[in-house]
Amino acid sequence: MPVIAVIGAGPGLGLSIAKRFGREGFAVGLVSRTQQHLDTLTATLTAAGIQAAGFAADATDPAALGGAVEQIAARFGPIDVLSFSPSAPDNADLRPVGITDVTLAAVQPQLEFYLGGGLAAAQQVLPAMTERGAGTILFTTGGTSADPGMMPAFGNIAIGAGALRTYALSLHAAVAEHGVHVAHIPLSVWIGRGGPETQPDTIAEHYWTVYTSAEGAEHPYAAL
Numbered sequence: 517m518p519v520i521a522v523i524g525a526g527p528g529l530g531l532s533i534a535k536r537f538g539r540e541g542f543a544v545g546l547v548s549r550t551q552q553h554l555d556t557l558t559a560t561l562t563a564a565g566i567q568a569a570g571f572a573a574d575a576t577d578p579a580a581l582g583g584a585v586e587q588i589a590a591r592f593g594p595i596d597v598l599s600f601s602p603s604a605p606d607n608a609d610l611r612p613v614g615i616t617d618v619t620l621a622a623v624q625p626q627l628e629f630y631l632g633g634g635l636a637a638a639q640q641v642l643p644a645m646t647e648r649g650a651g652t653i654l655f656t657t658g659g660t661s662a663d664p665g666m667m668p669a670f671g672n673i674a675i676g677a678g679a680l681r682t683y684a685l686s687l688h689a690a691v692a693e694h695g696v697h698v699a700h701i702p703l704s705v706w707i708g709r710g711g712p713e714t715q716p717d718t719i720a721e722h723y724w725t726v727y728t729s730a731e732g733a734e735h736p737y738a739a740l
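Listed below in structure tokens is the structure:
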């Protein structure tokens, strides 16, 4: 049974990605900050006939996040797909700062959240993927990572997410020859706020397409 690890498992996009892959026979390992929250999501997936389990870890804690990914592999077996799409907690360190007011202190938490978390998760699965010659890593950020000028009020977020984008594109170039597909998915959409194209289940179809096509380093998604 193939395995997907969903980092940033929430009731929106994370759950929809889990359901989409689960319908195709994937076992699902969920990671988010609170175990109680994960237990609810796991119960939803189990009721749909999907094998799933949750492992609590904070994306701002690379050691804990790496440990959670390791636990998923121990529970279900080698991870075939890693989806990194964390949702930022509501704390002062991660709140938006406009680009004209941004400081290194305002950028550092964003780097730790996006780049630190992405590095920790990816480095946990890359050795096994490259050894097998197969695997997929999907990194998600907001649209400002690819187009920083679209929302200057989110300056610190754009820099942090942009760092993860750079890592994703560079990693794609480095590991494609080993059979590992790394893709960056910038979302230029407010999830759930609009028509069908903004709904999590619709967006999750984009992830499935990126996975099955296994081509290209960047796959933007925007509401029409």
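Residue numbers (my numbering): 517 to 740. In this text, a Cβ means the ideal position worked out from N, Cα and C, and glycines have one as well.
Can you tell me whether DSSP reads residue i as helix, strand or coil?
{"i": "ALA534", "result": "helix"}
{"i": "ALA618", "result": "In the sequence as presented, Ala is not what sits at residue 618; that position holds Val. It is coil, neither helix nor strand."}
{"i": "ALA569", "result": "strand"}
{"i": "ILE595", "result": "coil"}
{"i": "THR682", "result": "helix"}
{"i": "GLU540", "result": "coil"}
{"i": "GLU734", "result": "strand"}
{"i": "PHE601", "result": "The displayed chain sequence assigns Ser, not Phe, to residue 601. Coil, per DSSP."}
{"i": "GLY651", "result": "strand"}
{"i": "GLY528", "result": "coil"}
{"i": "ILE707", "result": "coil"}
{"i": "THR550", "result": "coil"}
{"i": "ALA521", "result": "strand"}
By a C-beta neighbour count over all protein chains shown, 10 Å radius and 16 as the cutoff for buried, is residue i buried or exposed?
{"i": "ASN607", "result": "exposed"}
{"i": "ALA584", "result": "buried"}
{"i": "GLN640", "result": "buried"}
{"i": "ARG611", "result": "exposed"}
{"i": "GLN552", "result": "exposed"}
{"i": "GLY649", "result": "exposed"}
{"i": "PRO477", "result": "In the structure as shown, the chain starts at 517 and stops at 740, and residue 477 therefore has no counterpart that could be examined."}
{"i": "THR550", "result": "exposed"}
Determine, using beta carbons only, whether residue i comes closer than 7 Å to chain C.
{"i": "ILE588", "result": "Within the model displayed, chain C is absent; a lone protein chain is all it includes."}
Measure the C-alpha to C-alpha separation of residue i and residue j and round it to an integer number of angstroms.
{"i": "SER661", "j": "GLU734", "result": "11 Å"}
{"i": "ALA521", "j": "GLU647", "result": "18 Å"}
{"i": "ILE707", "j": "GLY658", "result": "11 Å"}
{"i": "THR558", "j": "PHE592", "result": "14 Å"}
{"i": "SER532", "j": "ARG539", "result": "11 Å"}
{"i": "PHE670", "j": "LEU685", "result": "22 Å"}
{"i": "LEU680", "j": "LEU631", "result": "5 Å"}
{"i": "ARG709", "j": "ALA739", "result": "10 Å"}
{"i": "GLY530", "j": "LEU620", "result": "30 Å"}
{"i": "MET645", "j": "TRP724", "result": "19 Å"}
{"i": "THR728", "j": "THR616", "result": "41 Å"}
{"i": "PRO527", "j": "PRO594", "result": "25 Å"}
{"i": "GLY582", "j": "PHE629", "result": "13 Å"}
{"i": "MET667", "j": "ASP574", "result": "26 Å"}
{"i": "MET517", "j": "ALA590", "result": "14 Å"}
Need the endpoints of the alpha helix (DSSP H) that residue i sits in, please.
{"i": "ALA575", "result": "Counting along the chain, ALA575 falls outside any alpha helix (DSSP H), and DSSP gives it neither H nor E."}
{"i": "GLY633", "result": "633 to 648"}
{"i": "ILE719", "result": "716 to 729"}
How would you write the range of the beta strand (DSSP E) that residue i sits in, first residue to last?
{"i": "VAL613", "result": "Where VAL613 is concerned, there is no enclosing beta strand (DSSP E), given that its DSSP letter is neither H nor E."}
{"i": "VAL696", "result": "696 to 704"}
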